[in-house]
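Residue 1 is where the sequence shown starts when you use full-length UniProt numbering, and the numbers rise one by one after that. Note that the Cβ used here is the ideal one computed from N, Cα and C, for glycine as well. Take a look at the structure set out below.
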Amino acid sequence: MVEESALPVAGIVAEVARLTDGDLTSVILGDSVDFQLVFTVAADDVPRLSKVFADAGLQFSDIGHATEERQVRLRGADGREQELPGVPWRHAT
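If you want it as structure tokens, here you go:
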């Protein structure tokens, strides 16, 4: 489950969404060449990993948690859940 309120937003991205009347979350999660690494860790490891990243001068954002569902969902600030916007990237094998 991805928490919409936890998604990191660069100021320029928010400005682009505003200028284009775009939905900010769709812009953040949409098609781009600016890739971010997403991975899961045990909840107990988040504080330690956050410190490791900070000590290395890297950004670390806890944006949600794993569930038993196969589909990744987005929970908005209002508590409603929906499919993640955008088109998932599939690696050609």
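Using the rule of at least 16 other Cβ atoms within 10 Å of the residue's Cβ for burial, across every protein chain shown, is E69 buried or exposed?
-> Exposed is the call here.
Counting pairs of Cβ atoms below 8 Å between the region 36–46 and the region 75–86, do you hit three or more?
-> The region 75–86 and the region 36–46 do not touch, with fewer than three beta-carbon pairs separated by less than 8 Å.
Ignore the nearest five residues each way along the sequence and tell me which others in F53's own chain have a CB closer than 6 Å to its CB.
-> Taken in chain order, the residues that qualify are F60.
State yes or no: is the C-beta of E15 within less than 7 Å of the C-beta of G64?
-> At the C-beta level, E15 and G64 stay beyond 7 Å of one another.
Proximity test, I28 beta-carbon vs the ligand FMN heavy atom, cut-off 6 Å | Ligands in the displayed structure: none, and consequently the ligand FMN is not present.
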